[in-house]
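Undergrad: FYI, the numbering for the sequence shown is 28 to 158, going by my numbering.
Each residue gets a CB set at the ideal place from its N, CA and C atoms; glycine is no exception.
Here it is, the structure, as structure tokens.
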Amino acid sequence: MRTRTSGWKILLTACLLAGTWFFLPAASPAGSSHDLPVKDTVTMVDLGAKSCVPCKMMEPILKELTAEYQGRAAIVFIDVWQERDMARRFGIQAIPTQIFYDRHGKEVYRHTGFFPKQDIKKWIDRLLEQS
């Protein structure tokens with residue numbers, strides 16, 4: 028019998044192998060997803076896919092966070108099917124994966140799976156307070 032955890036792992040892996048994605052190709056305020064994390068800026072990078080159910084659930088959250096943190100933090104989505112090299116660069120094993128960076132570009136936290144808005148805000152706010 029499968030556990031609930033193994034079921035999620037299977038679902039997330041299936042999403043990674045699916046095929047179509049959401050959002051526009053990733054672009055950071057610096058102009059390219061290759062400029063990540065954004066220099067001197069708290070950054071959250073979300074790597075996901077359009078056909079992945081948890082990723083679809085993240086889409087409106089990311090849009091809201093982008094508006095709420097405009098000018099204070101960078102919220103960046105990367106379409107790993109369009110930018111497969113970025114999936115390798117970030118060591119992505121399942122999607123969605125959110126990676127949080129402080130202003131100095133240091134990775135401070137990584138989460139895999141759906142991540143509620145309030146939990147994301149706690150991490151971003153904590154990083155903004157440290158700056």
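Return the residue from the list K66, G75 and V65 that minimises the CA-CA distance to F142.
TA: For the purposes of this step, residue 142 is identified with residue 115 of the sequence shown, where counting begins at 1. Out of K66, G75 and V65, G75 has the C-alpha closest to the C-alpha of F142.
Undergrad: Identify every run of the beta strand (DSSP E) within the region 72-158, keeping only runs that are complete inside it and at least 3 residues long; order them along the chain.
TA: Qualifying beta strand (DSSP E) stretches, in chain order: 100-106, 124-128 and 134-139.
Undergrad: Could you tell me if Y96 is buried or exposed, where buried requires 16 or more neighbouring beta carbons within 10 angstroms of its beta carbon?
TA: Translated into the one-based positions of the sequence shown, residue 96 becomes position 69. Y96 comes out buried.
Undergrad: Among I122, A121 and W150, which one has its Cα closest to the Cα of I102?
TA: On the sequence shown, residue 102 is found 75 positions in, with the first residue counted as 1. Checking every option, the nearest Cα to that of I102 belongs to W150.
Undergrad: Going along the chain, which residues of its own chain have a beta-carbon closer than 6 Å to the beta-carbon of T70, five neighbours each way excluded?
TA: For the purposes of this step, residue 70 is taken as the residue at position 43 of the sequence shown. Counting only Cβ-Cβ distances below 6 Å, and skipping sequence neighbours, we find P64, A101 and Y128.
Undergrad: Can you say whether F50 is buried or exposed, counting buried as having 16 or more other CB atoms within 10 angstroms of its CB?
TA: Against the sequence shown, residue 50 aligns to sequence position 23. Low confidence applies to F50: its pLDDT is 36, below 50, so where it sits in the model is not reliable, and the reading given next is rough at best. Buried, because 16 or more other Cβ atoms sit within 10 Å of the Cβ of F50.
Undergrad: Checking 7 Å against the spacing of the C-beta atoms, do I126 and R137 come in under that value?
TA: Position 99 of the sequence shown, counting from 1, holds the residue named residue 126. Position 110 of the sequence shown, counting from 1, holds the residue named residue 137. Taking 7 Å as the Cβ cut-off, I126 and R137 qualify as a contacting pair.
Undergrad: Quick one: Cα of S55 to Cα of D62, how far?
TA: Residue 55 sits at position 28 when you count from the first residue of the sequence shown. Residue 62 sits at position 35 when you count from the first residue of the sequence shown. Low confidence applies to S55: its pLDDT is 38, below 50, so where it sits in the model is not reliable enough to give any reading.
Undergrad: Using a Cβ-Cβ cutoff of less than 7 Å, which residues in the same chain neighbour I119 once the five nearest sequence positions on both sides are dropped?
TA: Here residue 119 is taken as the residue at index 92 of the sequence shown, counted from 1. Here the set comprises L74 and V107.
Undergrad: Buried or exposed for P52, please, with buried defined as at least 16 other CB atoms from any protein chain shown within 10 angstroms of its CB.
TA: The count along the sequence shown starts at 1 and reaches residue 52 at position 25. Its pLDDT being 38, under 50, P52 is placed unreliably in this model, and the value from its coordinates should be taken loosely. Classification for P52: exposed.
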